[in-house]
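Peer 1:
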Amino acid sequence: MSLGQPARLFAEGPEPSHIAQPGRLALGSPPVERTLVICKPDAVERGLIGEIISRLERKGLRIVAAELRAIDEDTASRHYAEHLGKSFYDDLVRFICRSPAMVMVVAGPEGTWKVVRTLMGPTNPAEAPPGTIRGDLAVELTENLIHGSDGPESAAREIEIFFPGLA
Ligand code: RTP
Ligand code: MG
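Count along the sequence shown from 1, then add 3; that gives the number in the numbering used here.
1) Which residues share a DSSP beta bridge with L71?
2) List the endpoints of the continuous alpha helix (DSSP H) containing L39.
3) Across the segment 68-85 and the segment 131-143, are there enough close Cβ pairs to call them in contact, namely three or more that are closer than 8 Å?
4) Nearer than 7 Å: is that true of the beta carbon of D153 relative to any heavy atom of the ligand MG?
5) Which term fits P133, buried or exposed, when burial requires 16 or more other beta carbons within 10 angstroms of its beta carbon?
6) Measuring only the C-alpha atoms, how far is I55 from C42?
7) Per DSSP, what kind of secondary structure is S157 in: helix, strand or coil?
8) Following the continuous beta strand (DSSP E) through G151, name the residue where it begins and the one where it ends.
9) For T121, does the count of other Cβ atoms within 10 angstroms reach 16, so buried, or fall short, so exposed?
10) Using only CA atoms, which one of V47, V109, L144 lies nearest to L95?
11) Going by the C-beta, is T78 closer than 7 Å to any heavy atom of the ligand RTP?
12) Tell me, which residues are paired with I66 by DSSP?
13) Using only CA atoms, which one of V119, V142, A158 lies nearest to S175?
14) Taking Cβ positions, are E163 and G114 nearer each other than 8 Å?
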C-alpha cells in the first residue's frame, strides 16, 4: 500500500478456525449476522479506536471489514436519512464529517446488532450506565463516540452504503 492510500481491511471467505473467538466457540455458532459500527470522529480524535474495538472483540464479535475514512456530506446524509428535518440533523452531519471515522462491519451470532447496542449504551452519554462505551468514555450527546445499526434492516442498508456487497 502506498502512502496516502486509505487503509481498508476485509476478511472475506470462510471464517478462519484458528482465530480465537471466545463467544463464538462457547456458543458453537458461526457468525451469521453483520452490523455496521462507526467509531465517530471524536473517538478517532481521542485515540479510542483500540479501546472500542477491544470491547467488541472481547465480547466475542469479529471485525470483518474496516476503513478509516473521511465521511463526506452526501454519504452522511444517506446514512442519517431517518433524521433529516430534526433539530439536531445539521449538527449531526457536520460532526460525522468533521474528521476521519473508523467504519466497520462487525459479525457475530443472531442479534449482533443488539449486542453492539448494549455495549454502546444509550444515545445520551450522560444517561449511559458505567460499563458501556458511552457511559464510561463520553459525556456529550453529539460526541457519543460510536454508531451501531439499530436493527437488521438498518444494518443491511448501512453496510450497503459503506461496504457495497458485504451486507
Ligand atoms: P447513532 O445512530 O449515532 O448510533 O445513535 P443512536 O442510534 O443512539 O441515536 P439516534 O436517535 O439514531 O441519533 C443519532 C445521533 O444524533 C444525535 N442526537 N442528538 N439533540 C438531540 O436530541 C439528539 N438526538 C440524537 C446523537 O449524536 C445520536 O447518536
Ligand atoms: Mg441511530
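C-beta atoms are modelled at their ideal positions from N, C-alpha and C, and glycine is treated no differently.
Keep in mind the model is a prediction, meaning the values are calculated, not measured.
Peer 2: Concretely, from the data shown:
1) In the sequence shown, the residue the question calls residue 71 occupies position 68. According to DSSP, L71 bridges with M105.
2) Locating residue 39 in the sequence shown gives position 36, counting from the first residue. Segment 36-42 is the beta strand (DSSP E) holding L39; no alpha helix (DSSP H) there.
3) Output reads no: the segment 131-143 does not touch the segment 68-85.
4) Here the question's residue 153 lines up with position 150 in the sequence shown. Residue side-chain check: D153 places its Cβ nearer than 7 Å to a non-hydrogen atom of the ligand MG.
5) Position 130 of the sequence shown, counting from 1, holds the residue named residue 133. Around the C-beta of P133, fewer than 16 other C-beta atoms lie within 10 Å, and the residue is accordingly described as exposed.
6) As a first step, residue 55 must be located in the sequence shown, where it is residue number 52. As a first step, residue 42 must be located in the sequence shown, where it is residue number 39. I55 and C42: Cα-Cα distance of roughly 8 Å.
7) Taking the sequence shown and counting its residues from 1, the one referred to as residue 157 is at position 154. Looking at S157 - three-state DSSP - the assignment turns out to be helix.
8) Position 148 of the sequence shown, counted from the first residue, corresponds to residue 151. Run containing G151: 149-151, per the beta strand (DSSP E) assignment.
9) Here residue 121 refers to the residue found at position 118 when the sequence shown is read from its first residue. Exposed, because fewer than 16 other Cβ atoms sit within 10 Å of the Cβ of T121.
10) The residue you call residue 95 lines up with position 92 of the sequence shown. L95 has its Cα closest to that of L144, out of V47, V109, L144.
11) Working through the sequence shown from its first residue, we reach residue 78 at position 75. Not under cutoff, so the answer is no.
12) Here residue 66 refers to the residue found at position 63 of the sequence shown. According to DSSP, I66 bridges with V109.
13) Within the shown structure, residues of the chain are numbered from 4 to 170, placing residue 175 beyond reach of any answer.
14) As a working note, residue 163 is residue 160 in the sequence shown. As a working note, residue 114 is residue 111 in the sequence shown. Taking a C-beta distance under 8 Å as the contact criterion, E163 and G114 do not qualify as a contact pair.
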